[in-house]
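Residue numbers (my numbering): 259 to 1197.
Reviewing the structure listed below.
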Amino acid sequence: MSSSNSWHALESDPDLWRVYMEKLGVDINSLDFIEIYSLDEDYSFNETIYSYIFLYPDSGLSSISNVSQPLIDEKLWTIKQIDELDCCCCLIALLHAIGNNLDKVILKPNSPLAEFFEKTKTMTADERALVLLNDKKIHQAHEEIAAQGQTQMVDSGKVGYHYIAYIVSNSNKLYELNGSKKGPQAKFIGELNNESFFSRVTQEMPKDRQSTIRYRQGTKNKQQIPSSRETKIEKNENYSQLYSLAYVLVLLIIALIISYLHFSYIYELFENDKHFSHLSTLERELSFRTEMGLYYSYFKQIAIESSSFIQGFLSIISDNRTEAPTTINVLERFNLYPEVLLSLIYRIMNSQGILTEICYRVDRGETMSSVLSCEGHKEPTYFYVTSVFILNGFLLGILFLFGTYLSKSILGGIITTFAYIFNHGEATRVMWTPPLRESFSFPFHVLQLFVITYILQQQQTLTNIDAMKSFIGYIKKHDQSIHVDIPQNLISHRHKIKLVLMLIGSTILYMLPWQFAQFTLATQLLSLGLLYIVNLLPFHQFFFILCAQILSLIISAMLMFGNRMLLTSLFSITLFSFYFVCILDKFFLNSSSSFQSYRLLIIIIIRRMILFLFSFILIKFVIINFLFSSTDDDAHIWDILKSKFSSTFRTFDTQLYTCAKEFDFIDMETITNLCRTGLIPLSMIIICRLIYDFIIDIFRKDNYQYKQIWNYYHIIQTGAYIFIGLLIMRLKLFPVPQLCLLMSLFMNEQLWPRKFIVWKKFKFIVFLLILIGMSIQGRKNIKEQLKIKGEYSNYPMEKMIEWINLNTQNESIFAGTMPTMANLKLSTGRRIIVHPHYEHRKIRHRVKLVYRMFSRNSLRYIHSILKQYQVNYYVYESHWCTITNRPKGCSFPEMYDIDEQDQKILTRTTLACHTLESHPQPYFKKIFNYDYLSIYEVL
């Protein structure tokens, strides 16, 4: 080096530039550099190009002047290349490119470039040059990068080449920016009408510059060097790649270990509660109560009872045993794809001899006969619950990776993991009720949230990209291989396709197993939509997500044979409402950048809110009612919510739900438990911190810069989950893991004051304090869970199942309570008329009719109902008729009295079930009785 203050020339190497700009504080996710090998290639399709920088031979005839002249456009950012910076034309061109795109390029707070642009924003081009000359941080980084080049470092006056930049101003005008020009540094070329940025630049560029660029096509503008010589930049890149690969590998190994430990833990809890390994096959089936037994029955039907998978699959598409005597498509009505997939895997593994079992007899005491009990995954119930526990083992592994990604620290992932384990009893119930729909769906819910968060961090990648067009374009070009020298924008295009596929895949996997998923997806859209309405979420990013979700909805609806509840769901209505808002925004304003020129933010918010509400009402009450004859499949959900906020609104359906503890408001015991582990107090600190940033950023003038939209999404989503968790205790499985995830942000350095973060031990001390604080109560919670011991037994139900299998025909139709009918269908295969999947209008109507056995109606009326559905046998459970410990308004007579209009019926004191017990004739005949269970033949 010639002197300590000298500035050496930089090579034309995008890899070096990338490292250089990252050193100076550019968020590399918001800016990248692409090598142009030839002007014959078409780069015009990539709309995310901010600037073109060209290198051409400089004869030196145009001397450098220190006298600047007025700019053509005063809004342009320019800097003079003074004598002392005569080797800095590359840096000058880079500063011109970034300085005129500060609304798009993200600079890290307090970084050298952020401080430089802030300090010089009101200066002239000459003044900026002097500030740059004396900026030690930029100079140090410049010299470090210059030393990493493949060619010998060049001093002043020995370069022979010069860099210039082309940019498009906010007014859509093209300029050539040249810091060494005698006159103005900005040369106005013309307005871009229907031309692309790239094509106009090549038209205006002098021929000598074009030929030089074409000459560089095969060399990448690098001197040929011996193959045995490894450059510093290659070493750094190789080291960085190896480090990144090793880091990812370590994270995956830790995630797998966590997944296995969680799998073992929930399996142990399940075994302790049920003593599952010592139960017979029948007892295991009966332990799947209510809807769990119904869903498992279809796995058994396809995997065990059918001669082939195809036959089993066709049998559930045309099923006359679930809602006899009618035939329904079970895949259209229920969320059964987990059972379909598991039955296929079971049949394949069993046919290959992979599955094994060991059987032995278990003595159950003097009053009950011994039973044959088989252990091993050839036993269908074992295979089924093990599959559920494996999936939910991975749930905690995904949460660990998610927490690590969100906090940018492995310590954050560890905090999330321990927070979940310490609050395990409030976060999940998979260890007590494995076959529930949420057990299959929730791991994919977390995965889908992970994908959404990742997409929200890809702001620049998704700008000006239509997901639909990208997807279709990819299909058309899928057979084209990626060449080593393929331009970066094509690789980016493939990355966008991967994002689309990731979002579609995770959404479908979440939506298919659980009918409630559509409601949480609606809250997700509302959370993202709120960010869009207040102009924090960029248009193209939001539109990208909407397009992917529309594809997810279409595919899911097709797989579920046009499930009407899905097509008319809140998710569908919200999705298309926001889609129309975006279409109208794009139609009237052409692009989202135009929003920044609006005089008041409030105008944007009001306009978008009005458009959304109008679209929502139009779709909900006009379009859907026109397309579908009946749209009240989810009416009971709205009624339940209405009953939560009204002391007078009650129906039979709402009482059937809300009288159950899991559908009541969340209890104080749950809130107290979450406070004792520190989850609520600590997560509230994070929420308050993010809300503060959220409010500040709404009114920040610089568009999207420094704004961590993904964190703002999570606090809004958390608020939605807390709301539904408070309303319905069963849904606390949403807010609790979400709060565990937010706990990881304690390890995110970007959220906390810089003076704390610079102290290296600060983060680790906070980490230890949080873990120690949570573990005080958390360890007690784990011990309490492990102390739970039990053993499933329901001998009366066993006796009834045995009697039905021996004494009734296979085509007989049974009626009774929903939980018992599910077990009866599972263990006998008999036809039933009601079941616990209560999400369809017709089945709700049937249940209300069948349950009239516990109302004040006459036995004759009940008999006429059962004959209408061709019922042969009625299963009666005496304790359902004598329930006295339920809250006021929750007994069946009181529930029926709500809708009853006949005063004669309301004055009766005798229930139909009382009459059935004392005088069943001439409508019914008792043919079986054991303990509380009786079977009556319908005469």
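Glycine is no exception: its CB is placed at the ideal position from the N, C-alpha and C atoms.
message: Please list the terminal residues of the continuous beta strand (DSSP E) segment that includes G448.
response: Start at 1 with the first residue of the sequence shown, and residue 448 comes out as number 190. Where G448 is concerned, the enclosing beta strand (DSSP E) stretches over 444-449.
message: Per the DSSP calculation, K431 is bridged to which residue(s)?
response: As a working mapping, residue 431 is identified with position 173 in the sequence shown. Partner(s): E449.
message: Judging by CA-CA distance, which residue of F907, I311, H682, I803 is the nearest neighbour of A355?
response: Mapped onto the sequence shown, residue 355 falls at position 97. When each option's Cα is compared against that of A355, the closest is I311.
For S576, three-class secondary structure by DSSP: On the sequence shown, residue 576 is found 318 positions in, with the first residue counted as 1. Coil.
- request: Quick one: grab the DSSP three-state call for M259.
  value: Counting from one through the sequence shown, the residue named residue 259 turns up at place 1. Residue confidence is low: M259 scores 36 on pLDDT, short of 50, so the model does not pin down where it sits. Its coordinate-derived value is still stated next. Here M259 sits in coil by DSSP.
message: With three or more C-beta pairs closer than 8 Å as the rule, is the region 280-293 touching the region 702-719?
response: yes
task: Taking the CB atoms as reference points, tell me whether A444 and L334 lie closer together than 7 Å.
output: Along the sequence shown, read from residue 1 onward, the residue named residue 444 stands at position 186. Along the sequence shown, read from residue 1 onward, the residue named residue 334 stands at position 76. Cβ distance < 7 Å, so A444 and L334 count as in contact.
- prompt: In the DSSP assignment, what are the bridge partners of K1183?
  reply: Reading the sequence shown from its first residue, position 925 is the one you call residue 1183. K1183 pairs with E1195.
- request: Using 10 angstroms around the beta-carbon of S429, count the other beta-carbons present and answer buried if the total reaches 16, otherwise exposed.
  value: Sequence index remark: in the sequence shown, residue 429 carries index 171 (1-based). Exposed.
- prompt: At a cut of 8 Å, does the region 504-516 reach the region 607-618 through at least three beta carbon pairs?
  reply: no
- request: Compute the distance between the beta-carbons of F836 and L804, then report whether it is under 7 Å.
  value: As a first step, residue 836 must be located in the sequence shown, where it is residue number 578. As a first step, residue 804 must be located in the sequence shown, where it is residue number 546. Yes, they are a contact pair.
task: Check each candidate in I861, L984, P939 and name the one with the smallest Cα separation from K919.
output: As a working note, residue 919 is residue 661 in the sequence shown. Of the candidates I861, L984, P939, the one whose C-alpha sits nearest the C-alpha of K919 is L984.
task: Return the CA-CA distance between V646 and L1164, expressed in angstroms with no decimal places.
output: Taking the first residue of the sequence shown as 1, we reach residue 646 at position 388. Taking the first residue of the sequence shown as 1, we reach residue 1164 at position 906. So the alpha carbons of these two residues sit roughly 47 Å apart.
- request: For the region 1068-1123, list the alpha helix (DSSP H) runs that are entirely contained and at least 4 residues long, ordered along the chain.
  value: 1076-1086, 1099-1108
message: I'd like the span of the alpha helix (DSSP H) that includes I656, first residue to last.
response: As a position in the sequence shown, residue 656 is number 398, starting the count at 1. Looking at the DSSP string, the run of the alpha helix (DSSP H) that includes I656 is 638-665.
message: Within the continuous beta strand (DSSP E) that includes L268, where are the two ends?
response: Start at 1 with the first residue of the sequence shown, and residue 268 comes out as number 10. Premise fails: L268 is in no beta strand (DSSP E) and is neither H nor E.
query: What three-state label does DSSP hand F312 in the structure shown?
result: Looking up residue 312 in the sequence shown gives position 54. It is a strand residue.
task: Going by DSSP, name the residue or residues bridged to E633.
output: In the sequence shown, residue 633 corresponds to position 375, counting from 1. I616, per the DSSP bridge assignment.
message: Per the DSSP calculation, Y505 is bridged to which residue(s)?
response: One-based indexing of the sequence shown puts residue 505 at position 247. Partner(s): none; Y505 has no beta bridge.
message: Here's the rule: buried if 16 or more other CB atoms are within 10 angstroms of the residue's CB, otherwise exposed. What is D843?
response: Locating residue 843 in the sequence shown gives position 585, where the first residue counts as 1. That one is buried.
field: Span of the beta strand (DSSP E) around V994
entry: Along the sequence shown, read from residue 1 onward, the residue named residue 994 stands at position 736. Taken as a continuous stretch (DSSP letters only), V994 belongs to no beta strand (DSSP E), being part of the alpha helix (DSSP H) at 993-1001.
task: Specify whether the region 816-834 and the region 587-599 touch according to this definition: at least 3 beta carbon pairs, one from each stretch, less than 8 Å apart.
output: yes
task: Report all residues from its chain with a CB closer than 6 Å to the CB of V277; omit the five preceding and five following residues, and keep chain order.
output: Taking the first residue of the sequence shown as 1, we reach residue 277 at position 19. So the list is empty, once near-sequence residues are dropped.
field: Same chain, Cβ closer than 8 Å to A399, five either side skipped, listed in chain order
entry: As a first step, residue 399 is located in the sequence shown; it is residue number 141 there, counting from the start. If we look at A399 and ignore the five residues flanking it on each side, its Cβ neighbours are Y278, K281, L282, P370.
message: Looking at the strands, I want to know which residues DSSP matches up with H420.
response: Mapped onto the sequence shown, residue 420 falls at position 162. Answer is Y314, bridged to H420.
field: Sequence-distant residues of the same chain with beta carbon closer than 8 Å to Y1190, five excluded per side
entry: What you label residue 1190 is simply residue 932 of the sequence shown in a count that begins at 1. P1054, E1135, S1136, H1137, listed in sequence order.
query: Do you know how far the Cα of I648 is from the Cα of N368?
result: Taking the first residue of the sequence shown as 1, we reach residue 368 at position 110. Taking the first residue of the sequence shown as 1, we reach residue 648 at position 390. Those two C-alpha atoms are separated by around 46 Å.
- request: Compute the Euclidean distance between the alpha carbons of E1195 and A1073, then round it to the nearest angstrom.
  value: As a working mapping, residue 1195 is identified with position 937 in the sequence shown. As a working mapping, residue 1073 is identified with position 815 in the sequence shown. Going from the Cα of E1195 to the Cα of A1073 covers about 10 Å.
message: My assumption, with CB atoms under 8 Å, is that F374 sits in contact with V363. Please give the rounded CB distance.
response: Locating residue 374 in the sequence shown gives position 116, counting from the first residue. Locating residue 363 in the sequence shown gives position 105, counting from the first residue. That pair is no contact at about 13 Å.
- prompt: What first and last residue would you give for the alpha helix (DSSP H) that runs through V704?
  reply: Taking the first residue of the sequence shown as position 1, residue 704 is located at position 446. From DSSP, the alpha helix (DSSP H) with V704 extends over 695-714.
- prompt: According to the neighbour-count rule (16 or more other Cβ atoms, all chains shown, within 10 Å of its Cβ), is P1145 buried or exposed?
  reply: The residue labelled residue 1145 in the question sits at position 887 within the sequence shown. P1145 is exposed by the Cβ-count criterion.
query: From L694 to E549, what distance separates their C-alpha atoms?
result: As a first step, residue 694 is located in the sequence shown; it is residue number 436 there, counting from the start. As a first step, residue 549 is located in the sequence shown; it is residue number 291 there, counting from the start. About 7 Å.
- prompt: What number of angstroms, rounded off, separates the C-alpha of F729 from the C-alpha of F834?
  reply: Here the question's residue 729 lines up with position 471 in the sequence shown. Here the question's residue 834 lines up with position 576 in the sequence shown. Because F729 sits at a pLDDT of 42, beneath the cut-off of 50, its placement in the model cannot be relied upon, and the following sentence gives the value as read from the coordinates. Going by the C-alpha atoms only, they are around 19 Å apart.
Backbone CA spacing between L871 and M1111 [nearest angstrom]: Locating residue 871 in the sequence shown gives position 613, where the first residue counts as 1. Locating residue 1111 in the sequence shown gives position 853, where the first residue counts as 1. Rounded to whole angstroms, L871 to M1111 spans 44 Å at the Cα level.
query: With R1089 and E1069 assumed to form a contact (beta carbons below 8 Å), what rounded beta-carbon distance in angstroms separates them?
result: The residue labelled residue 1089 in the question sits at position 831 within the sequence shown. The residue labelled residue 1069 in the question sits at position 811 within the sequence shown. Rounded, the Cβ-Cβ distance is 7 Å, consistent with contact.
Which of helix, strand or coil DSSP assigns to Y1134: The residue you call residue 1134 lines up with position 876 of the sequence shown. Of the three classes helix, strand and coil, the one that applies to Y1134 here is strand, per DSSP.
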